[in-house]
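First comes the structure, then the notes that go with it.
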Amino acid sequence: MNDHTCFTHVEAATLIAHEAVILLDAVETEVPSCVSEFRTAVEALNTVHGLGEDGQALLAWMDVEVKNAQRYIDDGTSLPSLIDTCRLDMVPDAVAQMELVWLLFDTAAKEVCGPEQRRALMSTARTITDMRGLDDLLRSTLKPNVAALASALDTALSDIHDGLRSDAGPCAGSAHQELQ
Numbered sequence: 001m002n003d004h005t006c007f008t009h010v011e012a013a014t015l016i017a018h019e020a021v022i023l024l025d026a027v028e029t030e031v032p033s034c035v036s037e038f039r040t041a042v043e044a045l046n047t048v049h050g051l052g053e054d055g056q057a058l059l060a061w062m063d064v065e066v067k068n069a070q071r072y073i074d075d076g077t078s079l080p081s082l083i084d085t086c087r088l089d090m091v092p093d094a095v096a097q098m099e100l101v102w103l104l105f106d107t108a109a110k111e112v113c114g115p116e117q118r119r120a121l122m123s124t125a126r127t128i129t130d131m132r133g134l135d136d137l138l139r140s141t142l143k144p145n146v147a148a149l150a151s152a153l154d155t156a157l158s159d160i161h162d163g164l165r166s167d168a169g170p171c172a173g174s175a176h177q178e179l180q
């Protein structure tokens, strides 16, 4: 059993590069703008976290795939991907997507991260939440939980007020009014 629970920076960069290449695979008329943001995000991860040869390889892979997609757009020449993207089963579940989003936020918060890199990291984080419907999952999952939590907090606050009144005796009413 694998108990690996956190992405390494290299794994995060690989997932982002893979998603960019998957998007390029569907290109017909233009390279999606998010692909350049993904590249900048991988570049930021490489720079900030020192991914070394792995980071350089991912950036080179993305550059080759963008060049191939642009060639397809320009003259219809379809070149094969450097690797078979179908053999990589990289569909992140909701937990993995959130892990990646937090890693992107953490990288964007680093002092060495430049403004353009920060913008690309934040945009990539937004795109990651759109992948595979994570944004819908979060919205539909969190709304009912928020309502239940709010109700429980209202009940707890009411119990606190009742507890203060019973402990304070006759002065509780005036203390309760002062608290509000």
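First residue of the sequence shown: 1, per my numbering; consecutive thereafter.
Just so it is clear, CB atoms sit at the ideal spot from N, CA and C, and this is done for glycine as well.
Predicted model only: the values in this text are computed from it and were never measured.
Within 8 Å, do at least three Cβ pairs link the stretch 45-56 to the stretch 65-77? no
CA-CA distance, Ala17 and Glu30? The residue you call residue 17 lines up with position 17 of the sequence shown. The residue you call residue 30 lines up with position 30 of the sequence shown. One C-alpha to the other measures close to 18 Å.
Alpha carbon of Tyr72 to alpha carbon of Ser78, nearest angstrom: In the sequence shown, counting from the first residue as 1, residue 72 sits at position 72. In the sequence shown, counting from the first residue as 1, residue 78 sits at position 78. One alpha carbon belongs to Tyr72, the other to Ser78, and they sit about 5 Å apart.
Quick one, are the C-beta atoms of Phe7 and Glu99 less than 8 Å apart? Residue mapping note: residue 7 aligns to position 7 of the sequence shown, counting from 1. Residue mapping note: residue 99 aligns to position 99 of the sequence shown, counting from 1. For Phe7 and Glu99, yes; Cβs fall inside 8 Å.
Rounded to the nearest angstrom, what separates Ser123 and Gln56 at their Cα positions? In the sequence shown, counting from the first residue as 1, residue 123 sits at position 123. In the sequence shown, counting from the first residue as 1, residue 56 sits at position 56. Cα to Cα, Ser123 sits roughly 21 Å from Gln56.
Could you please give the first and the last residue of the uninterrupted alpha helix (DSSP H) stretch that includes Thr14? Reading the sequence shown from its first residue, position 14 is the one you call residue 14. First-last of the alpha helix (DSSP H) with Thr14: His9 to Asp25.
Could you tell me if Leu121 is buried or exposed, where buried requires 16 or more neighbouring beta carbons within 10 angstroms of its beta carbon? The sequence position of residue 121 within the sequence shown is 121, counting from 1. It counts as buried.
Do Val95 and Ala125 have their C-beta atoms within less than 8 Å of each other? Taking the first residue of the sequence shown as position 1, residue 95 is located at position 95. Taking the first residue of the sequence shown as position 1, residue 125 is located at position 125. Their beta carbons are not under 8 Å apart, which means Val95 does not touch Ala125 by this criterion.
Simplified DSSP assignment, three categories, for Ser36: To locate residue 36, count along the sequence shown from 1; it is residue 36. Three-state DSSP puts Ser36 in a helix.
Let me make sure I understand the geometry here. Which of Val35, Thr85 and Asp54 has the alpha-carbon closest to that of Val10? Position 10 of the sequence shown, counted from the start, is the residue given in the question as residue 10. Val10 has its Cα closest to that of Asp54, out of Val35, Thr85 and Asp54.
Report all residues from its chain with a CB closer than 8 Å to the CB of Val27; omit the five preceding and five following residues, and keep chain order. Residue numbering aside, residue 27 sits at position 27 when the sequence shown is read from its first letter. Excluding positions up to five away in sequence, the list reads Ala69, Tyr72 and Ile73.
Cβ-Cβ separation, Leu23 to Pro32 (assumed contact under 8 Å), whole Å: For the purposes of this step, residue 32 is taken as residue 32 along the sequence shown, with counting starting at 1. For the purposes of this step, residue 23 is taken as residue 23 along the sequence shown, with counting starting at 1. The Cβ separation is near 5 Å, so the contact holds.
Quick one: give me the first and last residue of the alpha helix (DSSP H) that Leu59 is part of. By 1-based counting over the sequence shown, the position of residue 59 is 59. Segment Gly52 to Asp75, the alpha helix (DSSP H) holding Leu59.
Where does Ile83 land, buried or exposed, given buried means 16+ other C-beta within 10 angstroms? Taking the first residue of the sequence shown as 1, we reach residue 83 at position 83. Ile83 is exposed by the Cβ-count criterion.
Assuming Thr14 contacts Leu58 (C-beta within less than 8 Å), just tell me the rounded distance between them. What you label residue 14 is simply residue 14 of the sequence shown in a count that begins at 1. What you label residue 58 is simply residue 58 of the sequence shown in a count that begins at 1. Right, their Cβ atoms sit about 6 Å apart.
Gly114 versus Ala108 - alpha carbon distance: Translated into positions along the sequence shown, residue 114 becomes position 114. Translated into positions along the sequence shown, residue 108 becomes position 108. When rounded, the distance between both Cα atoms is 8 Å.
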